[in-house]
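Trainee: Okay, so the sequence shown: first residue is 1 according to the working numbering, each after it adds one. Structure incoming, see below.
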Amino acid sequence: MTLLEVRDLTVTYPNGAAAVRGVDLSLDSGSKLGVAGESGCGKSTLALALLRLLPAGTEVGGEILLDGEDVLKMRWGQVRAVRWAGASIVFQGAMHSLNPVHRVGDQIAEPILLHGGAGAAAARKRTGELLEQVGLPTARARAYPHELSGGQRQRVMIAMALACDPKLVIADEPTTALDVMIQAQILRLIEQLVSEQELGLIMISHDLAVLADTCDRLAVMYAGRVVEEGPARAVYEDALHPYGKALSGAFPRIGDPASRFAPRGLPGDPPDPSDLPSGCTFHPRCPVALDGCEVEDQWLREGAPGRRAACVHVGAAVRSTT
Ligand SMILES: Nc1ncnc2c1ncn2[C@@H]1O[C@H](COP(=O)(O)OP(=O)(O)OP(=O)(O)O)[C@@H](O)[C@H]1O
Ligand code: SF4
Ligand SMILES: [Mg+2]
């Protein structure tokens with residue numbers, strides 16, 4: 001069943017930065033979508049837009065249908081309800097945002113008391129269950145954040161995200177600040193929770209290898225657009241878009257010693273969203289650009305069944321250019 005359908009989403013910050021420029025996404029319950037791309041390509045902006053968490057004055061267009069209802073058209077009361085019970089975000093480095101002077105159990109219980117309508121005893125019981133679900137002993141509820149390791153704090157953040165039984169979890173770089181072993185544990189935990197509870201998951205990372213390992217489908221973003229989308233393994237191992245190829249080449253493949261010595265890094269930086277290149281925005285960095293690429297904008301085209309990429313070298317256009 002379709003849980004989330006994003007249509008032609010655009011986000012322009014008050015300073016004119018066009019950070020998201022016509023993104024379409026779809027996510028079923030119980031499935032995991034990875035969103036990849038270099039720093040500044042609009043991944044967090046997309047995540048924040050889904051729950052209307054962008055700064056005042058930001059222009060947002062398009063549709064964000066959560067269970068068929070457009071989040072962008074909801075009144076504030078509905079948006080607040082969605083933020084607690086419909087969808088929740090685990091932020092980049094969020095484990096540092098736990099309140100240092102409150103016990104973690106009280107911090108997990110707070111949204112259950114406020115938004116779940118539970119009494120103190122029921123909230124305490126639920127907190128214990130959530131801690132166990134994320135692999136922490138119930139007794140850790142009495143700990144203060146500084147008494148926990150980084151991995152344990154991130155587990156607490158995940159417990160908080162699950163506190164009101166959301167249908168959708170958005171994880172924005174949930175493991176970036178953790179070491180590799182703990183990162184793997186947290187990723188397995190997220191995977192397990194998604195499959196047990198039939199949640200929808202959007203996992204954001206700049207690391208395609210992590211996403212390919214965790215997610216069913218992958219969307220690769222560049223300059224505020226999805227430039228490639230398809231089954232996660234296929235996109236990682238055999239990207240259709242030159243940017244997707246470069247991005248997957250930029251990370252070593254597990255078990256492939258050769259890739260350690262030959263990462264295909266990409267020259268230059270992603271463009272400034274206030275001053276985007278003409279035509280295909282990737283053209284200044286593209287190793288296979290053609291003469292027309294400076295002029296002609298590109299939208300996703302069908303490259304193979306279930307796979308799309310926004311490049312002149314890929315299939316036939318399925319959406320008219322603007
Ligand atoms: N509040 C803001 N006002 C103006 N521009 C912003 C704001 N927040 C982000 N941007 C710009 O929007 C673009 C996209 O930023 P965003 O944080 O979504 O990127 P990202 O893909 O999440 O990057 P990272 O991997 O570094 O987290 C960037 O160019 C950024 O400078
Ligand atoms: S459309 Fe042109 S510039 Fe853009 S990715 Fe394809 S070949 Fe490169
Ligand atoms: Mg980000």
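Even glycine gets a Cβ: it sits at the ideal position worked out from N, Cα and C.
Cα separation between Leu46 and Met157?
Mentor: Whole-angstrom Cα-Cα distance: 21 Å.
Trainee: Could you tell me which whole alpha helix (DSSP H) segments of length 4 or greater appear in the stretch 130-188?
Mentor: The qualifying runs are 150-162.
Trainee: Curious, which full-length beta strand (DSSP E) runs of at least 3 residues does the stretch 33-74 contain?
Mentor: Correct list: 59-66.
Trainee: In this structure, how does DSSP classify Ala262 when only helix, strand and coil are distinguished?
Mentor: Since pLDDT at Ala262 reaches only 38, below the 50 mark, its modelled position is unreliable, and no value is offered.
Trainee: What three-state label does DSSP hand Thr322 in the structure shown?
Mentor: The predicted model places Thr322 with a pLDDT of 42, which falls under 50 and marks its position as unreliable; any figure quoted below should be read in that light. Thr322 falls in the coil class under three-state DSSP.
Trainee: Please state whether the Cβ-Cβ distance between Arg21 and Ala246 is less than 9 Å.
Mentor: Their beta carbons are not under 9 Å apart, which means Arg21 does not touch Ala246 by this criterion.
Trainee: Assuming Leu136 and Gln152 form a contact by the criterion Cβ under 8 Å, report the distance between their Cβ atoms to the nearest whole angstrom.
Mentor: About 6 Å; that satisfies the 8 Å criterion.
Trainee: What are the uninterrupted segments assigned as alpha helix (DSSP H) that are 4 or more residues long and contained completely in the stretch 209-240, given in chain order?
Mentor: If we require 4 residues or more, the alpha helix (DSSP H) runs fully inside the stretch 209-240 come out as 232-237.
Trainee: Which of the three DSSP states is assigned to Leu98 in this structure?
Mentor: Coil.
Trainee: Contact check, Glu294 vs Ser278 under 8 Å by CB: the rounded distance?
Mentor: Indeed they touch by this definition, with Cβ atoms about 6 Å apart.
Trainee: In this structure, what does DSSP give as the bridge partners for Thr10?
Mentor: Answer is Arg21 and Gly61, bridged to Thr10.
Trainee: Could you tell me which residues DSSP pairs with Ser205 in its beta bridges?
Mentor: Ala36.
Trainee: Taking one C-beta from the stretch 58-69 and one from the stretch 96-112 each time, how about it: are there three or more such pairs within less than 8 Å?
Mentor: No: fewer than three Cβ pairs fall under 8 Å.
Trainee: Kindly indicate which three-state DSSP category Val90 falls into: helix, strand or coil?
Mentor: In this structure, Val90 counts as strand in the three-state DSSP scheme.
Trainee: Give the straight-line distance between the Cα atoms of Pro305 and Arg217, rounded to the nearest whole angstrom.
Mentor: Going from the Cα of Pro305 to the Cα of Arg217 covers about 13 Å.
Trainee: Please state whether DSSP places Arg103 in a helix, a strand or coil.
Mentor: Coil, per DSSP.
Trainee: Measuring straight from C-alpha to C-alpha, what distance separates His146 and Arg140?
Mentor: Their backbone Cα atoms lie some 12 Å apart in a straight line.
Trainee: Please indicate yes or no: does the CB of Leu300 lie closer than 8 Å to some heavy atom of ligand 2?
Mentor: Outside the cutoff, so no.
Trainee: I'd like to check one pair, Asp172 with Val90: are the Cβ atoms closer than 9 Å?
Mentor: In this structure, Asp172 lies closer than 9 Å to Val90 by Cβ.
Trainee: Measuring CB to CB, does Val11 end up less than 9 Å from Leu54?
Mentor: Yes, they are a contact pair.
Trainee: Tell me where the alpha helix (DSSP H) around Ala81 begins and ends.
Mentor: Here the alpha helix (DSSP H) through Ala81 covers Trp76 to Ala81.
Trainee: Hey, Asp269 and Ala36: beta-carbon distance below 9 Å or not?
Mentor: Cβ atoms of Asp269 and Ala36: not closer than 9 Å.
Trainee: Taking the continuous beta strand (DSSP E) assigned at Ala309, which residues delimit it?
Mentor: Here the beta strand (DSSP E) through Ala309 covers Arg307 to Ala309.
Trainee: For Val235 versus Val226, is the C-beta spacing smaller than 9 Å?
Mentor: The answer is no: Cβ separation not under 9 Å.
Trainee: What three-state label does DSSP hand Thr281 in the structure shown?
Mentor: Coil at Thr281, not helix or strand.
Trainee: Can you tell me which of the three DSSP states Gly117 falls into?
Mentor: Reduced to three states, the DSSP call for Gly117 is coil.
Trainee: What are the start and end residues of the beta strand (DSSP E) that includes Ala304?
Mentor: From DSSP, the beta strand (DSSP E) with Ala304 extends over Arg301 to Ala304.
Trainee: Among the residues of its own chain, which have a CB less than 6 Å from the CB of His241, if the five just before and after it don't count?
Mentor: Cβ neighbours of His241 beyond the five flanking positions: Val227, Glu228, Ala309 and Cys311.
Trainee: In angstroms, rounded to a whole number, what distance separates the CA positions of Met203 and Ala120?
Mentor: Taking the straight line from one Cα to the other gives about 33 Å.
Trainee: Is it buried or exposed, Gly77, if we count other Cβ atoms within 10 angstroms and call 16 or more buried?
Mentor: Exposed, because fewer than 16 other Cβ atoms sit within 10 Å of the Cβ of Gly77.
Trainee: Tell me the DSSP secondary structure of Ser29 in three-state form.
Mentor: Looking at Ser29 - three-state DSSP - the assignment turns out to be coil, as it is neither helix nor strand.
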